[in-house]
Amino acid sequence: MKDAVDSPARFPDGFLWGTATSAYQIEGAVNEDGRGESIWDRFSRMPGRIRNGDTGNLACDHFHRYPEDIESMKDLGVDAYRFSIAWPRVFPDGSGAPNAKGLAFYERLVDALLGAGIEPVATLYHWDLPQALQARFGGWQSRETARVFADYAGFVASRLADRIGRFVTTNEIGSFVDLGYGSGVHAPGLALAPRALNQVRHHALLGHGLAVQAIRAQGRSGTQVGPAENLVVAVPALAGEAHAEAAERATRDWNAGCLTAMLEGRYPAAYASHPDAPRCSADDLRTIGETVDFVGINVYGPGRYVLAPDTSVSADAPASGDALASGDAPAPGHASGWRVAPFSRSHPRTAAAWQLVDPSSLYWAARHVTRLWNPPAILVTENGCAAADDPQEDGRVYDTDRVAFLRAYLAQLRRAIAEDLPVRGYFLWSLLDNFEWADGYDTRFGLLRVDRATQRRTPKLSASFYRQVVESDGAAP
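With my numbering as the guide, the letters of the sequence shown map in order to residues 7 to 483.
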């Protein structure tokens, strides 16, 4: 029998091929049209926080150059564009009176996308919390931030849901909580104790659930809403159903503090009973578990390799206290029916040191989410590759490593489609080289190279490759 990876799987009607960005990473114009300060504006001005002292003050100047960027999307032939709305551009103080000029920018952007035949998919929170809320409440350390976030989400839905059919509530709760409030390497730069950190995560989850309610209450009928999470994907280290099932159980355990809670409306027992577990009520959990229309998965590589407990290969589970502190479920190892196979030091990585490579992680993410929680639809809301992207003598960028990465990962997407997993869209990260958080502008993920001095956009080899993928509806090798 021919392997599903090599089979010409037919993508479902209406499958979305898109690209993705986020506001702070590309917009710039941080002081224009009444935009308020975000925690990333404040954080990036702190000495030593961002590589090379970079900031998002100009970024890709998308605020002024969005018509050019939409033309680039048209050249790619994409069906959809996932972008984020900057909360402090719409509510400079986080709450109170909305900023009409800030909202007007997104109205212009959405109208231009629709005019180009591109579906807008809007993320409501991609890490740029209004600094006023950090100062007033401690940001996501307070339940008040969750409530105010829902007010903002409802307002945006009331004004834009006539033109936007899909909203993403939050992007990667696990990342912005752990990196911003745990290790402190991202804004707002805090290093909280494990119990306080898990409480922050709980408030962010609550914000997601309240936002789902607000969007449904104030948006038009039929508006779709869901989260985007970079779930920890457990990949079976060996073939066989026992290892696959062990990886599935491990995926549920490792995502206890985020996606598992969202999709089950409860924290798994091992997480909830831990001394560092967050304080919560039954009402909180019902809100966190609000039914969603899709689940967005951001997949860059494997989170863990997992073995069934009866394998002869030696492997140890990480300490449960460390796991909980980092936002994961305690890892009881054999008792939970799985064991971790540690990464080797020579495991393949991209130009981003954190990004491990295993194309099958995209397939396993879709399979695990389907078998564990059976959502109505899955969107791959981010997948992409960091590369060096140096221009050659002819001025072009031959990012052959990114092309190889995409070819391999998209083969695994076809495998998922061939098995009838409910994947309904793929958004490549990213359209543009952009401000890559603490890495500044050195780490490049874009299909288009952005010259920092001139803001000139240059399509890379990967842009031509992705155009072929879109034109062939995923059939291009």
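Think of the CB as a built atom: it goes at the ideal place given N, C-alpha and C, for glycine as much as any other residue. As the structure is a computational prediction, the values presented were derived from the model and not from experiment.
Bridge partners - residue i, DSSP secondary structure assignment
| i | result |
| --- | --- |
| Glu-388 | Asn-304 |
| Arg-355 | Leu-362 |
| Glu-125 | Ala-86 |
| Glu-235 | Ile-303 |
| Ala-156 | Ala-156 is not bridged to any residue. |
| Ser-504 | In the structure displayed, the chain extends from 7 to 483; residue 504 sits before or after that span and is not available. |
| Gly-24 | Ala-86 and Phe-433 |
| Phe-411 | Answer is none; Phe-411 lacks a bridge partner. |
| Arg-172 | Val-127 and Gln-230 |
| Ala-240 | Arg-310 |
| Arg-473 | Note: Arg-473 sits in no beta bridge, so no partner. |
Cα-Cα separation, residue i to residue j
| i | j | result |
| --- | --- | --- |
| Ala-253 | Pro-242 | 5 Å |
| Gly-40 | Thr-376 | 43 Å |
| Val-218 | Asp-290 | 13 Å |
| Asn-261 | Phe-182 | 15 Å |
| Ala-392 | Asp-168 | 36 Å |
| Phe-143 | Ser-436 | 33 Å |
| Ala-118 | Val-346 | 48 Å |
| His-353 | Leu-368 | 17 Å |
| Gly-401 | Ala-29 | 28 Å |
| Ala-197 | Leu-467 | 41 Å |
| Gly-307 | Ala-359 | 12 Å |
| Ala-469 | Pro-381 | 31 Å |
| Val-116 | Gly-302 | 21 Å |
| Asp-67 | Val-162 | 23 Å |
| Leu-265 | Ala-240 | 14 Å |
| Ala-335 | Ala-276 | Unreliable placement is indicated for Ala-335, whose pLDDT of 40 sits below 50; the coordinate value is still reported in the next sentence. Approximately 7 Å, taken between the alpha carbons. |
| Gly-180 | Gln-398 | 38 Å |
| Phe-21 | Phe-300 | 13 Å |
| Glu-296 | Leu-216 | 8 Å |
| Thr-61 | Gly-34 | 9 Å |
| Ala-278 | Ser-164 | 36 Å |
| Phe-89 | Glu-74 | 15 Å |
| Ser-78 | Asp-405 | 18 Å |
| Thr-1 | Leu-454 | Given a span of 7 to 483 for the chain in the structure shown, any question on residue 1 remains unanswerable. |
| Leu-488 | Asp-259 | Past the edges of the chain, shown from 7 to 483, lies residue 488, and the structure says nothing about it. |
| Ala-414 | Trp-344 | 27 Å |
Where residue i sits in the DSSP three-state scheme
| i | result |
| --- | --- |
| Ala-394 | coil |
| Tyr-273 | coil |
| Asn-261 | coil |
| Arg-88 | strand |
| Arg-373 | helix |
| Leu-467 | helix |
| Pro-94 | helix |
| Pro-381 | coil |
| Trp-435 | strand |
| Gln-224 | helix |
| Ala-252 | helix |
| Val-456 | strand |
| Arg-345 | strand |
| Arg-114 | helix |
| Arg-450 | strand |
| Pro-73 | helix |
| Arg-142 | helix |
| Asp-60 | coil |
| Ser-148 | coil |
Rounded distance between the beta-carbons of residue j and residue i, thought under 8 Å
| i | j | result |
| --- | --- | --- |
| Val-363 | Phe-433 | So it is not a contact: roughly 19 Å between Cβ atoms. |
| Phe-97 | Ala-193 | So it is not a contact: roughly 18 Å between Cβ atoms. |
| Trp-146 | Ala-248 | So it is not a contact: roughly 39 Å between Cβ atoms. |
| Thr-175 | His-214 | 5 Å |
| Ala-65 | Phe-441 | 5 Å |
| Asn-204 | Asp-81 | So it is not a contact: roughly 45 Å between Cβ atoms. |
| Ile-124 | Val-84 | 6 Å |
Handout entry: Whole alpha helix (DSSP H) elements within the region 161 to 217, 4-residue minimum
Key = Runs found: 179 to 183.
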